[in-house]
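So the number in this note's numbering is just where the residue sits in the sequence shown, counting from 1, plus 79.
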Amino acid sequence: MQVYDAPIRDMRFVLEELHTDDGFGDLEGFEDFDEDMRSAILEEANKLCRDVLLPLNWPGDQQGCRIENGVVRTPDGFPEAYKAFCEAGWAGLVVSQEWGGQGAPHSLAKMVEEMSCSTNLSFGLYPGLTGGAMVALEAYGSNDLKNLYLPKMANGEWSGTMCLTESHCGTDLGMLRTKAVPQDDGSYLVTGNKIFISAGDHDLADNIVHLVLARLPDAPAGVKGISLFLVPKFLPKDDGTLGDRNGAGPTAIEHKMGLKASATCQMSFENSKGWIVGEPNKGLEAMFAMMNTERVAVGIQGLGVGEIAYQSAVYYAKDRLQGRSLSGTKNPNGPADPIIVHPDVRRMLMTMRAYNEGCRALSAWVSRALDAEHAAKEPEARARAKDLVALMTPVVKALFTDLGHESAHLAVQVYGGHGYIQESGVEQFARDARIAMIYEGTNGIQALDLVGRKLPDRMGRNLRSFFHPVSQFIEDNGADANIGRLVGALQQSFGALQLATGHIAQKGMKDPEEAAAAATDYLRLLGFVAMGFCFAKAAKVAHAKLAEGTGDEAFYKAKLVTAQFFFDRLLPPATAQFMAIRSGKASMMDMPAEAF
Numbered sequence: 080m081q082v083y084d085a086p087i088r089d090m091r092f093v094l095e096e097l098h099t100d101d102g103f104g105d106l107e108g109f110e111d112f113d114e115d116m117r118s119a120i121l122e123e124a125n126k127l128c129r130d131v132l133l134p135l136n137w138p139g140d141q142q143g144c145r146i147e148n149g150v151v152r153t154p155d156g157f158p159e160a161y162k163a164f165c166e167a168g169w170a171g172l173v174v175s176q177e178w179g180g181q182g183a184p185h186s187l188a189k190m191v192e193e194m195s196c197s198t199n200l201s202f203g204l205y206p207g208l209t210g211g212a213m214v215a216l217e218a219y220g221s222n223d224l225k226n227l228y229l230p231k232m233a234n235g236e237w238s239g240t241m242c243l244t245e246s247h248c249g250t251d252l253g254m255l256r257t258k259a260v261p262q263d264d265g266s267y268l269v270t271g272n273k274i275f276i277s278a279g280d281h282d283l284a285d286n287i288v289h290l291v292l293a294r295l296p297d298a299p300a301g302v303k304g305i306s307l308f309l310v311p312k313f314l315p316k317d318d319g320t321l322g323d324r325n326g327a328g329p330t331a332i333e334h335k336m337g338l339k340a341s342a343t344c345q346m347s348f349e350n351s352k353g354w355i356v357g358e359p360n361k362g363l364e365a366m367f368a369m370m371n372t373e374r375v376a377v378g379i380q381g382l383g384v385g386e387i388a389y390q391s392a393v394y395y396a397k398d399r400l401q402g403r404s405l406s407g408t409k410n411p412n413g414p415a416d417p418i419i420v421h422p423d424v425r426r427m428l429m430t431m432r433a434y435n436e437g438c439r440a441l442s443a444w445v446s447r448a449l450d451a452e453h454a455a456k457e458p459e460a461r462a463r464a465k466d467l468v469a470l471m472t473p474v475v476k477a478l479f480t481d482l483g484h485e486s487a488h489l490a491v492q493v494y495g496g497h498g499y500i501q502e503s504g505v506e507q508f509a510r511d512a513r514i515a516m517i518y519e520g521t522n523g524i525q526a527l528d529l530v531g532r533k534l535p536d537r538m539g540r541n542l543r544s545f546f547h548p549v550s551q552f553i554e555d556n557g558a559d560a561n562i563g564r565l566v567g568a569l570q571q572s573f574g575a576l577q578l579a580t581g582h583i584a585q586k587g588m589k590d591p592e593e594a595a596a597a598a599t600d601y602l603r604l605l606g607f608v609a610m611g612f613c614f615a616k617a618a619k620v621a622h623a624k625l626a627e628g629t630g631d632e633a634f635y636k637a638k639l640v641t642a643q644f645f646f647d648r649l650l651p652p653a654t655a656q657f658m659a660i661r662s663g664k665a666s667m668m669d670m671p672a673e674a675f
């Protein structure tokens, strides 16, 4: 009962109709990806994800991964699916053509990423981590490293990981103990142990490129003494062929709540030969280039799970007969009506639908900014795009994964008792979605990053990239006969966000705990206002299209209903979070630790 067909019409809407006025202008370098090419890519990606990846999702969860003779084996069908994935060019979709990729815009690639996350999140982690590793290597690696490794990673022949976490330290990377000793030939010998390493080992790619955080012998203490090293599973020869096995390998597979087809490994590095990436003792700078990419990707994971949970719940709600409609029988020839007639089932389905559409619209805006950072023609537009990405990265990661997890649980609830049974398939969504709120920095850490770094950065400059377009939209459309009511609700929530921002700025300067106590509520408020902005814009587009009579009336009418539901049911509670923010830290911090 895991049901999926990519929401291509909505993807095209947010790509081609919703954000045409974002102020970034035409982006250079993407001329080949016109409307026809984008449509073809989305259609082909849907076929692969729906027809190849989805059938492996539930069986892969049941089978899981295993270690045989020091090598991790993925579930049946995964190696063949990975080969098909790479041969079709999906591994290098967003990779620069310089390294053999297709050079597609992030705004398009994130839609494909959403499909793979919906249909087989465990599978999607393998190429996804490779993409993140390539970002760090391309930005900070030497020319020799880039020329040797990036083309192989772009075509999927070699894959990548990020090796940060150790058993005694998680977020506090300043405590890590892995060592790197320089050698006369310019390489390093890396020794240490890592845990929670996604795709740490597997049988999909010929080689695995580990990016490992470690300390040099003379490194200063704390985070200022961390360097980044490239440590391959097999040592490449000068011609790019594989040589001897390196001293890097898995010692165990973590037994996880979900994502059982993703090999999350405990890794041992014993005098493993590696090469430094970036400058000594500045590894965090290089690693965060990868982590910021991964944080947006994890947000897309939440959206992907939310979408398949919604589609599966809709399928069941239309098929399951239970009770009669309160407004009169809708299925007179059957013993009962389908449960989709019941208001509370509709509440759950509409909540999931609105979450997905809101997140997709917001992610498309942020993805456009990711492209505009480098491809916008005007320096001012590039700078504004960079600010928006900085502000919204923690929001995308934390809010999308929160809502994806909530949607997965709503799907279980729609299925009722059957949802609690493994064979229904939907309980897997709830288990798989849970980790996304934790890895790549817990959602609480994302909230702290937002209020502690992104808000005060350059006297609040990041906020202007969001506040200015929202304020202008409200001013321009408040009197619009079609969407004026929605704009009024947006204005009210935006006002609450502005007051909350001022409150945190004032209180946080005097007491950092006050800002930290408000962080999670503030992130959610900012995220819901951002989705409200997208929904109001979508409603404006929908009304215009309906007035033009260009066809597709059912789609645009559904857009209006979903937008109204968001403003009626989902935005008001978020707006009320300003009251929680204003209450301060006392009620959570005054309890003595020994009283817990």
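All C-beta atoms in this analysis are idealised placements derived from N, C-alpha and C, irrespective of residue type, glycine included. Being a predicted model, the structure only gives us computed values, none of them experimental.
CA-to-CA, the gap between A448 and P671 works out to about 45 Å.
Apart from sequence neighbours up to five positions away, the residues of its chain that approach L576 with a beta-carbon distance below 7 Å are L604, L605 and V608, ordered along the chain.
For A618, the closest of L565, G279, T99 and A490 by C-alpha to C-alpha distance is L565. Your pair L295 and P206 does not check out as a contact, with CB atoms roughly 32 Å apart and the cut at 8 Å. Listed in chain order, the beta strand (DSSP E) runs fully inside the region 132-195 are 145-147 and 150-152, counting runs of at least 3 residues. If you look at S347, you'll find it in the beta strand (DSSP E) that goes T343 to V356. Taking the Cα of K316 as reference, the smallest distance to any Cα among Y635, G587 and Y228 is reached at Y228.
L295 carries a coil assignment under DSSP once its states are collapsed to helix, strand and coil. By the beta-carbon neighbour count (other beta carbons within 10 angstroms, threshold 16), F367 is exposed. As a beta-bridge residue in DSSP terms, I332 pairs with C344. Rounded to the nearest whole angstrom, the C-alpha separation of E506 and G557 is 43 Å. Sixteen is the threshold: when 16 or more other Cβ atoms of the shown chains lie within 10 Å of the Cβ of R117, as they do, the residue is buried.
Counting along the chain, G574 sits inside the alpha helix (DSSP H) bounded by residues G563 to K589.
Listed in chain order, the non-local C-beta contacts of A376 below 6 Å within the same chain comprise G207, local neighbours out to five positions each way being set aside. For R324, the enclosing beta strand (DSSP E) has its first and last residue at L321 to R324. According to DSSP, residue pairing for A259 in a beta bridge involves V269. If you ignore the 5 residues before and after D101, its C-beta comes within less than 7 Å of the C-beta of W444 and R447, all in its own chain and listed in chain order. The three-state secondary structure of E457, taken from DSSP, is coil. Buried is the label assigned to S442, since at least 16 other Cβ atoms lie within 10 Å of its Cβ.
Annotated three-state conformation of M610 is helix, per DSSP. In the structure shown, I660 adopts helical secondary structure according to DSSP, grouped into three states. By the CB criterion at 9 Å, V269 and F348 fall inside the cutoff.
Taking 9 Å as the cut-off, the Cβ atoms of C196 and V384 count as close.
Beyond the five residues adjoining it in sequence on each side, V151 comes within less than 8 Å, by CB distance, of C144, R145, G279, D280, H281, D282, P329, I332, A342 and C344 in the same chain, given in chain order.
Relative to the Cα of E236, the nearest Cα in the group L321, E110, K273 and D89 belongs to L321.
Its Cα nearest to that of F103, the residue A464 stands out among F612, T641 and A464. For S404, the CB contacts under 7 Å within the same chain, skipping 5 residues up- and downstream, are D416 and V420 in chain order. In this structure, the alpha-carbon of A623 lies about 14 Å from that of A633. Below 8 Å, too few C-beta pairs join the region 212-220 and the region 255-267 to call them touching: fewer than three. As the crow flies, the alpha-carbon of R374 is around 46 Å from that of S406. A contact between stretches requires three or more CB pairs, one per stretch, nearer than 8 Å, and the region 482-497 fails this requirement with the region 119-132. The region 534-551 and the region 460-479 touch, with no fewer than 3 CB-CB distances between them shorter than 8 Å. Apart from sequence neighbours up to five positions away, the residues of its chain that approach M471 with a beta-carbon distance below 6 Å are V445, ordered along the chain. Taking 9 Å as the cut-off, the beta carbon of S306 is found closer than this to the beta carbon of L292.
In this model, N435 and K273 are separated by some 35 Å (Cα to Cα). Rounded to whole angstroms, the gap between the alpha carbons of K636 and S186 is 25 Å.
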